[in-house]
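Residue numbers (my numbering): 38 to 529.
C-beta: ideal position from N, C-alpha, C; glycine also.
On a predicted model such as this, the values are computed, not experimentally measured, just so you know.
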C-alpha cells in the first residue's frame, strides 16, 4: 500500500496498459476459466505456498506438485526416504490437511514418482536415479523429476484447457537437472498452440520462459512475481483494489478482476499520472549505465497511448532499489532512466529532482501540452512505504499525517491515475493506491495480467491441472490450499 501505488487524492485512477494486460490475463484464469483447469506448483517450501494451494484448490480440477516441496509430500504420505533432499518441517504438518481438502473438492493431486539425484548440489557430483518406493539414499539429494514423472505431467497437461504454472520442477538452471522443467515447458507451449490458456505466474517460472525463449508461446507471462503469487493465493492486491471498478466499461473477461482500463478513460486534455515500474538494473562499475531497459520498454504502449490521445501531460512515478526512505540520488536516482526514456519515445522528458512538494506541484500544474515528466524515486520518502531505515540502521514508521500529506501532494500532480506496475501491486504503497483520484484505471500491462489470471481461476475450461514444484511444502501451503478448491488434478 505504498503512497505512489494507491493514487490517493486523484479524481481519476486507471490502469495503464501493462497493468491492464496483467488484470485481463489473471481475470481469464481466475474468473471464468475454460475447464478442466490445472495448477502446476513448484518451489522449495510448502509453508510458503499454503495460501496459494488453499485458494487454487477451490478453482482447479487437477494440481501438479513438483520441485523440492514434493519430497515433503512423499515423505509424509508414503514414508519415502528422501536422503539429503529438501524437507519442510512446518509444511509437513500441513500436508494431511491439503490432501483432505483435495479429496473433498475432488481435485486430483499428481506427485512425482521418480527422480534424478546427485551427491552434490551441482553438476560435479555423482549422478543417480530414484523412485518413491526405493527412496533416495543418504548422501544423495533429488534435484529433478525423472522420466516417468515427466510422462505423468505431460498427460495431465494435455488433458487441460486452462493451466496456471508457478514454480519449476527441478534445478533447471543446471543442464543436468533441467529436463523436468524443460519438457513441461514444451508441453505447455504445445497445448497453448492447440488453444489452451496458459498463464506463467512470475518468479522462477518466468525466468524459465526467458531461458527457453517461450515468452511469446504461452498465453501470458506475469511481470509480477510476488503480486502474481498473492493474486493466486486469493489475496486482495492494494494496487489493484485501489483502481476504479469497470462499471459501464467492463473488463475484457469480467469477474473478480473487473477493473477500469485506460482505453475506457477520456484522457484528452488531462494530466495523467502513471505509476510505472522502472526498477531497472545498473552496471556495477558504472552506476549511471542501465544494463536492461525491458521494464521501461514495457511501459511505452501505455505512455504512448496517453500522448496519442491528447493527454496534456504524462507524469511518471516509480521506485528504484531500496533507499528505505532516504534521499540517495548518487545510488538510486531515476535521472538516467529519464535520459533513456527520451531516446525511446523521441521527445524530451522533464526530470524532476523531487517526488512531491511545492516545486514539483508547480512544475506539474500547467505543463506544455504533451509533456512527459518523470518524478524522482518515490522511495526517497518513507511515506511511500509507510516506514524507513535511518542511516544508522534504526527502523522507523512514517506518521499517518505525513503519509496523508505525501499522498495529497501526489494527487495534485495529475487528473487521472493509471497503474501499470503489476510487480508492485501486492504492496499497498502510497503511489500504488491512487488515493485522492476519483478515477483509477489499469494500464495495458496490468490489464493483461488480470485478464490472464481471471481466465484460469474464475471459470476455467475443465479439467484443470495445477503443477507445483519447489523445495519446501510450507512455502506453498496457502497456494496448495487455494488451488485444491479450483483444480481437478495436481502435480507435485
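Residue 79 and residue 187 have their alpha carbons spaced roughly 14 Å apart.
The DSSP-derived three-state label of residue 158 is coil. Straight-line measurement puts the Cα of residue 339 at about 5 Å from the Cα of residue 54. Residue 454: member of the beta strand (DSSP E) spanning 453 to 456, first to last residue. Of the residues assessed, residue 359 falls on the exposed side of the cut-off, its CB having fewer than 16 other CB atoms within 10 angstroms.
At the C-beta level, residue 500 and residue 71 stay beyond 7 Å of one another. Residue pairing by DSSP places residue 115 opposite no residue, since no beta bridge is assigned to it. Residue 383 counts as exposed, since fewer than 16 other beta carbons sit within 10 angstroms of its beta carbon. Here residue 422 is buried. Its C-beta has 16 or more other C-beta atoms within 10 Å. Minimum Cα-Cα distance from residue 515 among the listed residues 103, 128, 120 and 64 corresponds to 128. By the Cβ neighbour-count rule, residue 282 is exposed, with fewer than 16 other Cβ atoms within 10 Å of its own.
Here the region 402 to 415 lies against the region 359 to 370, with 3 or more beta-carbon pairs under 8 Å apart. For the set 189, 444 and 223, the Cα lying nearest the Cα of residue 465 is the one of 444. Judged by DSSP secondary structure, residue 225 falls within the alpha helix (DSSP H) whose first and last residues are 216 to 230. Here the region 231 to 239 makes no contact with the region 112 to 130; the two share fewer than three CB pairs at distances below 8 Å. Rounded to the nearest whole angstrom, the CA to CA distance from residue 428 to residue 220 is 48 Å.
By the criterion of a C-beta distance shorter than 8 Å, residue 114 is surrounded in its chain by 132, 136 and 148, once the five residues flanking it on both sides are discounted.
By the neighbour-count definition (other C-beta atoms within 10 Å, threshold 16), residue 436 is an exposed residue. The continuous stretches of beta strand (DSSP E) do not include residue 335, which lies in the alpha helix (DSSP H) extending over residues 331 to 345.
The Cβ atoms of residue 260 and residue 110 lie no closer than 7 Å to each other. Burial state of residue 276 is buried, judged by a 10 Å Cβ sphere holding 16 or more other Cβ atoms. Cα atoms of residue 527 and residue 138: separation of roughly 12 Å, rounded to the nearest angstrom.
The Cβ neighbour count for residue 329, taken over all protein chains shown within 10 Å, is under 16; the residue is labelled exposed. The alpha carbon of residue 104 has as its nearest neighbour, out of 216, 488 and 522, the alpha carbon of 216. Taking a C-beta distance under 7 Å as the contact criterion, residue 90 and residue 519 qualify as a contact pair. Looking from the CA of residue 102, the closest CA among 62, 167, 190 and 42 belongs to 190.
Between residue 66 and residue 493, the C-beta gap is smaller than 7 Å, which places the two residues in contact. Approximately 21 Å separates the beta-carbon atoms of residue 108 and residue 94; this is outside 8 Å, ruling out the contact. Here residue 388 is not near residue 400, since their CB atoms are 7 Å or more apart.
Between residue 486 and residue 60, the C-beta gap is smaller than 7 Å, which places the two residues in contact.
Sequence-distant Cβ neighbours of residue 159 in its own chain, meaning closer than 8 Å and more than five residues away, are 211. Exclusion of the five residues before and after residue 175 leaves 120 as the residues of its chain whose Cβ lies within less than 6 Å of its Cβ.
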